[in-house]
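K.L.:
Protein chains in written order, with our numbering: chain A, 1337 to 1554; chain B, 1337 to 1554.
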DNA sequence: ATTAATTTTTAGTCTTATCTAAAATAATAA
DNA sequence: TTATTATTTTAGATAAGACTAAAAATTAAT
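1) Mind reading off the beta-carbon distance from residue 1494/B to residue 1464/B? Whole number of angstroms is fine, and I expect it under 8 Å.
2) Against chain B, which members of the stretch 1419-1447 of chain A pass a CB distance test of less than 9 Å?
3) Mind listing which residues of the stretch 1450-1480 of chain B have their C-beta closer than 9 Å to chain A's C-betas, in chain order?
4) Nearest-angstrom Cα distance between residue 1472/A and residue 1505/B?
5) Do you know how far the Cα of residue 1424/A is from the Cα of residue 1514/B?
6) So what's residue 1421/B in DSSP terms, helix, strand or just coil?
7) With distances taken between CB atoms, is the gap from residue 1553/A to residue 1488/A smaller than 9 Å?
8) Given this structure, state the Cα-to-Cα distance separating residue 1390/B from residue 1410/A, to the nearest angstrom.
9) Any chance you could list the beta strand (DSSP E) runs of at least 3 consecutive residues sitting entirely within the stretch 1472-1525 of chain A, in chain order?
10) Short check: CB of residue 1516/A to CB of residue 1548/A, under 9 Å?
11) In this structure, how does DSSP classify residue 1370/A when only helix, strand and coil are distinguished?
12) From this set, 1452/B, 1337/B, 1367/B, 1542/B, which residue's C-alpha is nearest residue 1557/B's C-alpha?
13) Considering only the alpha carbon of each residue, which of 1393/A, 1499/A, 1387/A lies closest to residue 1400/A?
14) Would you decide whether residue 1537/B is buried or exposed? Buried here means 16 or more other CB atoms lie within 10 Å of its CB.
15) Alpha carbon to alpha carbon, what distance is there between residue 1532/B and residue 1446/B?
16) On the CB-based measure, 16 or more other CB atoms within 10 Å of its CB, does residue 1402/A come out buried or exposed?
17) May I ask you to report which of helix, strand or coil DSSP gives residue 1470/A?
18) Residue 1542/B by DSSP, collapsed to three states: which one?
19) In the DSSP assignment, find the alpha helix (DSSP H) that holds residue 1394/A and state where it starts and stops.
20) Under 9 Å, do residue 1354/B and residue 1368/B count as touching if we go by C-beta distance?
21) Just reading off the beta strand (DSSP E) that residue 1554/B is part of, what are its end residues?
22) Within 10 Å of its beta-carbon, does residue 1535/A have 16 or more other beta-carbons around it, so buried, or fewer, so exposed?
23) Enumerate in chain order the residues of its own chain whose CB-to-CB distance from residue 1459/A is below 7 Å, with the five nearest sequence positions on each side excluded.
24) Only counting the same chain, and skipping five residues up and downstream in sequence, which positions put a Cβ closer than 7 Å to that of residue 1418/A?
25) Mind checking residue 1526/A: buried by the 16 CB within 10 Å criterion, or exposed?
26) Provide the residue(s) that pair with residue 1534/A in DSSP beta bridges, ordered along the chain.
27) Which residue marks the beginning of the alpha helix (DSSP H) containing residue 1434/A, and which one marks its end?
28) Secondary structure at residue 1444/A, three-state DSSP: helix, strand or coil?
29) Mapping the DSSP letters down to three states, classify residue 1529/B as helix, strand or coil.
30) Counting along the chain, where does the alpha helix (DSSP H) carrying residue 1351/A start and finish?
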């Protein structure tokens, strides 16, 4: 199978390539992985030898169908473990990532299928991100950034764009959780802040926050 | 912290040293780890540098208090994961070892403490082996090998000596499980087999089996 | 108490995954 | 279009963990 390092590089290439038609550049990968471009070139060759990516010198990499499938399976494991940690082990949503980064590399098909069943076959992780099925397919929710909603629009909080601890902890402090209903009461042109109603409270939300919260329109 | 390899060597040294006063030999470790004596010597030096073992050239190693504590913590994780796999994920007791070997290296104190709570703070793993507490202490059950019981003696099946898949699958097939009450009906001098009563059935058990089943005397 | 056999260690090599520095290629600007 | 800048690759080095073969130390046997 694949080494820890190979899996981590593949996952990064998978995420970086999701919304782009062209290849993923060496520097992009290096930045995301906090490593050097030369290390990336080395690893890319290994991934290419294993048919996980297609590599053309100086032209970046593109993931293959096999690679995409393999990566989606790692993402599936990561997100299922995140659900487990929150639902069964009382982790908060800002604590799960680091541990899931370790757990996603455990090799046992039975383990992950049984875990899926134990959790009731969840479709989203604690941050609202979709969990791929066994075939690597997933169905992203229809969602918009809070910042793009118009005055008076209503929706349900379904995910975050930024999963950093500081952002998630901010949401906890403001008692904003996935599933909450939100209505836009006002938009302030001066600083692009937004006034919202959430669970019978009124809050003023900065533009930065509004650009990192996903809403499903009702 | 410690690498995967360091943890695996330490665990082996811990287990090999449990019932002996003298040091553990290089060859013993190599045999158990399925590796070469020279690799063991290399690793022993690393463990010694990290104060996990005391090493004297040609004299084998002894684990330190710090090493014993570290090893017991890995064993604690291994056995808690085994309980989880059996109790929550429908693994059978012959399937758990391989996966637990991976899971035992996950680093997260919160994870293991919450897992312990989720499982109801179990004291034994699915094979009847004791689970060390956070301080590395554990309390082995008073137990005897079935082969050593006298005629008419009764007890409860509390553990296995051999955890190989083939032995565990044999027990499953014979419907012998931990917790079952067993009574010795007869002992056959010719082949040292034993006649037992278990859950209203009578069985003839070979000496080899009887030497791998632990019984708590009633 | 030497010799022989076994165990353990050392020395040197290999692979994986990293890095730095330099060379090669591609992209951009004058 | 040529020169400059940025990106990417290559070459060579390093560290961890493993191996083989040979040397050294210990143990066993005559």
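Every residue, glycine too, gets a C-beta built ideally from N, C-alpha and C.
P.N.:
Once the coordinates are examined:
1) 5 Å
2) 1421, 1424, 1425, 1426, 1427, 1431, 1434, 1435, 1438, 1439, 1441, 1442, 1443, 1444, 1446, 1447
3) 1450, 1451, 1453, 1454
4) 34 Å
5) 27 Å
6) helix
7) no
8) 40 Å
9) 1490-1496, 1517-1524
10) no
11) coil
12) The displayed coordinates of chain B run from 1337 to 1554. Any statement about residue 1557/B would go beyond what the structure contains.
13) 1387/A
14) exposed
15) 45 Å
16) exposed
17) coil
18) coil
19) First-last for residue 1394/A: undefined, no H or E at that position.
20) no
21) Run containing residue 1554/B: none; DSSP gives neither H nor E here.
22) exposed
23) 1466, 1467
24) 1432, 1436, 1461, 1462
25) exposed
26) 1518/A, 1537/A
27) 1432-1439
28) coil
29) strand
30) 1340-1353
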